[in-house]
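Let me begin by presenting the structure, written as structure tokens, before commenting on it.
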Amino acid sequence: EDTERGKPDPDVFLEAARRLGVAPDVCCVYEDGDPGVEAARRAGMQCVDIREMDIA
């Protein structure tokens, strides 16, 4: 809602980092979809693709 473009554009993650007062390169995003993974990578953030996790 606070950014004009959605994922895979990195704006949503960059805005979150800005509001938290941290640099994007120290952020870690947990994502469950291709657009979110791509957005995190474009933002320069670490990303954990939780689709690959076996949570059983």
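Residue numbering for the sequence shown follows our numbering, beginning at 522 and increasing consecutively. We treat Cβ as the ideally placed atom computed from N, Cα and C, and that holds for glycine. From a predicted model like this one, the values you see are computed outputs, not experimental measurements.
Exposed unless 16 or more other CB atoms sit within 10 angstroms - verdict on residue i
i, result
"G554", "exposed"
"G542", "exposed"
"G557", "buried"
"A544", "exposed"
For residue i, three-class secondary structure by DSSP
i, result
"D570", "strand"
"I522", "It is Glu, not Ile, that sits at residue 522 in the sequence shown. Of the three classes helix, strand and coil, the one that applies to E522 here is coil, per DSSP."
"V533", "helix"
"V543", "coil"
Residue from the options whose Cα sits closest to the Cα of residue i
i, options, result
"V569", "E559, Y551, D575", "Y551"
C-beta atoms of residue i and residue j nearer than 8 Å
i, j, result
"A564", "P531", "yes"
"C548", "A538", "yes"
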